[in-house]
Amino acid sequence: MTDVDFALLDLPRDAPPPDAQTYLRTAMAWHFGTDTGSPYWLRTATTLDFDPVTDVRTFADLRRFPNLVNELRDAPAGDLIPRGYGAPPPVPLIFESGGTTGAPKRTAQLPDWVAQVVEWQTDDFRRAGFVGGRGFLCLMPSGPHGVGYFSRVVSARLGSICHSVDLDPRWVKKLVARGAAAEMSGYVNHILEQAEYVLRSQDIANLHTTPPLLDAIARNETLTHLVGDKVRFILLSGAHVDADTLDVLRDVFPAATIAMVFGSTMILSQAQTRTAHETFVFDPRSPYVVFWVIDPDTGEQVGYGERGQVVMNHISKGMFIPNNLERDSAIRLPGPEGQIGDSVAEVAPVATLDGEPVIEGVY
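Residue numbering for the sequence shown follows this note's numbering, beginning at -7 and increasing consecutively.
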């Protein structure tokens, strides 16, 4: 590929590139170019039986890559930064997965990508019903997890004070794995106690939490009244929730708009949410993120309306993660016009991944 215009990869931008295939080929030239690629991908390229620059012409060709996401458990963070950012490169934000199937996986998010995600999420919150200028309670992981960081930044963009209660999903998963029901209950009560302090003393109209924690709130009479009286927007993410449980939660909190998002550390973002026939549908932000829903036994895409396992691809200037078979199953749906890949609905965890049980806990 000669005369590559890498400006096509620049972010943030208001609209996706008009030619997705050109965007993909430009990204391949960037990530596998000697002067622009990251040490990780330049090293990995020598082990592949194809040349990504010349052989990856369409998004379907991303299936040629092995799923290397487990290498992000111990790859040096500095090796993930493309050389094309210059020397010294911008300092990335390092976000980690929840460690559902072992040691956490790590992503390096460069400032341009972070700025783009903030733009997307600010728009998402506003469209979903976030009450700008009123307080925001975030019962979500912070620390190494991106969700807490972006919630704080987006809250500020919307003119709202953010009150956080920290959540350690890794510890909860350990408790679930060893059947420590009493300790698990104690930990959840610890989270709820802190939430009650905030709800009693602060002007809170917005809540970001997980389905299991909202279910626990709904079972606590004091918190049910506090949330019911004060909160007008509830955003659910992290763990999954079925339609029947969601209906119950809507009945318990009728004064609040309940919205849901679906994201993953390995796509460095979340999908865009739309509602179709009372079902939340999640559209990946192509061409930066592409989903396929497949039969894990054959690798072939399932039919529309059928359930399969989700494969995720992330393609941006800052990072490239192709062909990652995720822990999620979902119903495959067609996306909006112009979208690359599948949209998904009714997301649920698979039982095992890489031979390890998938434990959600509270996130």
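Ideal Cβ positions, reconstructed from N, Cα and C, are used throughout, including at glycine. All figures in this text were calculated on a predicted structure; none of them were measured in a lab.
Is residue i helix, strand or coil by DSSP?
i	result
Phe357	In the structure as shown, the chain starts at -7 and stops at 355, and residue 357 therefore has no counterpart that could be examined.
Met(-7)	Any reading at Met(-7) must be qualified, since the residue scores a pLDDT of 48, below 50, and its modelled position is unreliable; the value itself is stated next. Here Met(-7) sits in coil by DSSP.
Asn305	strand
Ile183	helix
Gln293	strand
Arg192	helix
Phe128	strand
Ser177	helix
Ala7	coil
Leu159	coil
Ala(-1)	helix
Pro328	coil
By Cβ distance below 7 Å, which residues in the same chain neighbour residue i in space, the five residues on each side in sequence not counted?
i	result
Pro328	Asp275
Gln194	Gly127 and His155
Gly151	Gly124 and Gly125
Pro9	Leu0, Tyr15 and Pro279
Leu184	Ala208, Ile209, Asn212 and Leu215
Asp71	Ser30, Pro31 and Tyr32
Val418	There is no way to answer for residue 418, as the model of the chain reaches only from -7 to 355.
Ala247	Gly220 and Arg224
Ala37	Phe24 and Pro44
Val244	Ala210 and Thr216
Phe142	Val109, Val110 and Gln113
Gly121	Phe225, Thr249 and Ala251
Glu292	Ile286
Along the chain, where does the alpha helix (DSSP H) containing residue i start, and where does it finish?
i	result
Gly29	It is not in any alpha helix (DSSP H) - Gly29 carries neither H nor E in the DSSP assignment.
Phe142	Gly138 to Arg149
Arg17	Ala12 to His23
Arg170	Note, Arg170: premise wrong, no alpha helix (DSSP H); not H, not E.
If I measure Cβ to Cβ from residue i and keep anything under 6 Å in the same chain, skipping five residues before and after, which residues do I get?
i	result
Ala12	Pro279 and Ile332
Leu199	Leu129, Val223 and Ile226
Arg149	Thr114
Ser308	Trp105 and Tyr280
Is residue i near the ligand ZN, in the sense that its beta carbon is under 6 Å from a heavy atom of that ligand?
i	result
Tyr280	As far as ligands go, the structure on display features none, and thus does not contain the ligand ZN.
If contacts are defined as beta-carbon pairs under 8 Å, then residue i and residue j qualify, I think. What distance do you get, rounded to the angstrom?
i	j	result
Pro4	Asp115	In fact, because the Cβ distance is near 11 Å, the residues do not count as touching under 8 Å.
Gln113	Gly310	About 17 Å; that fails the 8 Å criterion.
Arg162	Gly91	5 Å
Val157	Leu131	5 Å
Val294	Asp320	Contact doesn't hold; Cβ gap of about 14 Å is too wide.
Leu228	Thr201	7 Å
Leu238	His306	28 Å between Cβ atoms; not a contact.
Arg75	Asp27	6 Å
Val83	Phe117	Actually they are not in contact, since the Cβ atoms of Val83 and Phe117 sit about 26 Å apart, beyond 8 Å.
Asp47	Arg35	Not really, about 18 Å apart at Cβ, beyond 8 Å.
Glu338	Thr271	7 Å
Gly300	Ile286	5 Å
Pro204	Ala173	At roughly 14 Å, the Cβ-Cβ gap does not stay under 8 Å, so Pro204 and Ala173 are not in contact.
Phe42	Val282	With 8 Å as the limit, Phe42 and Val282 do not qualify as a contact, their Cβ atoms being about 19 Å apart.
Pro341	Ser335	Actually they do not touch by this definition, with Cβ atoms about 19 Å apart.
Span of the beta strand (DSSP E) holding residue i?
i	result
Leu325	Phe312 to Leu325
Ala337	Ser335 to Pro341
Ser134	Careful: Ser134 lies outside any beta strand (DSSP E) and carries neither H nor E.
Ser156	Cys154 to Ser156
Excluding the 5 residues preceding and the 5 following residue i in the sequence, name in chain order all residues of the same chain whose CB lies nearer than 8 Å to its CB.
i	result
Glu370	Outside the modelled stretch of the chain, which goes from -7 to 355, sits residue 370, for which no answer is possible.
Trp240	Note on identity: in this sequence residue 240 is Val, with Trp being the wrong assignment. Ala210, listed in sequence order.
Thr267	Val273
Arg242	Ile250
Asp53	Asp47
Ile196	Arg126, Gly127, Phe128, Leu129, His155, Val190, Lys222 and Val223
Ala19	Leu1, Ile307, Ser308, Lys309 and Phe312
Any Cβ of chain B within less than 7 Å of the Cβ of residue i?
i	result
Asp275	This model lacks chain B altogether; it includes just one protein chain.
- [ ] Report the residue ranges of all alpha helix (DSSP H) runs contained in full by the stretch 201 to 286; include only those spanning at least 4 residues, in chain order.
- [x] 203 to 210, 213 to 222 and 235 to 244
TODO: Write down every uninterrupted run of the alpha helix (DSSP H) in the stretch 37 to 113 whose length is 4 residues or greater and which is fully enclosed by it, in chain order.
DONE: 44 to 47
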